[in-house]
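Using numbering that gives the first Met the number 0, the letters of the sequence shown map in sequence onto residues 0 to 204.
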Amino acid sequence: MHSWPASRALLAASAGKGSGLLGSAGSGRAAELLVISVVTPDSTLREAARAQMRDALREVLSLQLGCAPESVVLQSIPGQPLRVEHPVHGKNIGLSVSHEAGLSVAALRHNGPVGVDILRIAPAFDWQAVAHDYLCPQAIRRIAGQPESEQPLAFAREWTRLEAGLKCLGLALQEWSPALAERLESCRVMELDTPAGLCGAVACR
């Protein structure tokens, strides 16, 4: 995960060498996945965080696409992920964003869908009711098998994996079912290296 704007020079260099998100034509060196993080106001009000992330995404995409940031259009439709509007590459870039107070993350993927999610780890709460509605039986057993003090972290790991998978599939949060579990198996899920107190995952297929 690249912290933005600290990673601007690194991402610019990788794009210039043809190893960025899109790579060079025919080079085969394009990065499959790019995840960035942006420090945002420590508030549950997300308008400022959304604006910061959109500005960051425009800059990152401008580096990857070789165009001016102001020419990158991000289309936002309620209930749907952000979409990149670009005459050549727009349809080929999967995009997913997640916000928590103090940090926002975005995942970009070339030629495929992607989902990302972060969650602040709650110190102690009754996770069982939520888990039994939405998590698979195996995930519930993994959480319950941890010491009580570790269960909030274990829940956050399972929850972010679920949310990332759902976003990758373009699905809203829904109760667990065998049919849903089968669809989620098509996603490759990876944990994110997040700051202390947060947990995150990214999924692609």
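Even for Gly, the Cβ is constructed at its ideal location relative to N, Cα and C.
- By the neighbour-count definition (other C-beta atoms within 10 Å, threshold 16), His98 is a buried residue.
- In the structure shown, Ile35 falls within a strand segment according to DSSP collapsed to helix, strand and coil.
- Counting along the chain, the unbroken alpha helix (DSSP H) around Arg160 starts and ends at Gln150 to Leu168.
- A Cβ-Cβ distance of about 7 Å is found for the pair Pro80 and Lys166, placing them in contact under the 8 Å criterion.
- Here Val129 has no same chain residue with a Cβ atom under 6 Å from its own Cβ, once five neighbours each way along the sequence are excluded.
- Sequence-distant partners of Ala123 (beyond 5 residues in either direction) whose C-beta falls short of 8 Å from its own C-beta, in its chain, are Pro151.
- Arg204 and Ala5 have their C-alpha atoms spaced approximately 29 Å apart.
- Sequence-distant Cβ neighbours of Arg82 in its own chain, meaning closer than 6 Å and more than five residues away, are Gln74.
- Of all C-beta pairs linking the stretch 131 to 140 to the stretch 98 to 117, fewer than three are shorter than 8 Å, placing the two stretches out of contact.
- A check of alpha carbon separations from Glu147 across Val34, Asp125, Leu168 and Ala163 identifies Asp125 as the nearest.
- In the three-state reduction of the DSSP assignment, Met0 falls in the coil class, being assigned neither a helical nor a strand state.
- Distance from the Cα of Gly196 is smallest, within the candidate group Leu168, Leu170 and Phe154, for Phe154.
- The alpha carbon of Ser95 has as its nearest neighbour, out of Ser61, Gly164, Cys66 and Ala138, the alpha carbon of Gly164.
- The beta carbon of Leu161 sits closer than 7 Å to the beta carbons of Tyr133 and Leu134 from its chain, once the five residues preceding and following it are set aside; these are given in chain order.
- Taken in chain order, the complete beta strand (DSSP E) segments of 3 residues or longer contained in the stretch 46 to 108 are 72 to 74, 82 to 84 and 92 to 99.
- For Ala200, the uninterrupted beta strand (DSSP E) run begins and ends at Leu197 to Cys203, by DSSP.
- The Cβ atoms of Leu172 and Arg182 lie no closer than 8 Å to each other.
- Distance from the CA of Ile35 to the CA of Ala105, rounded to the nearest whole angstrom, comes to 5 Å.
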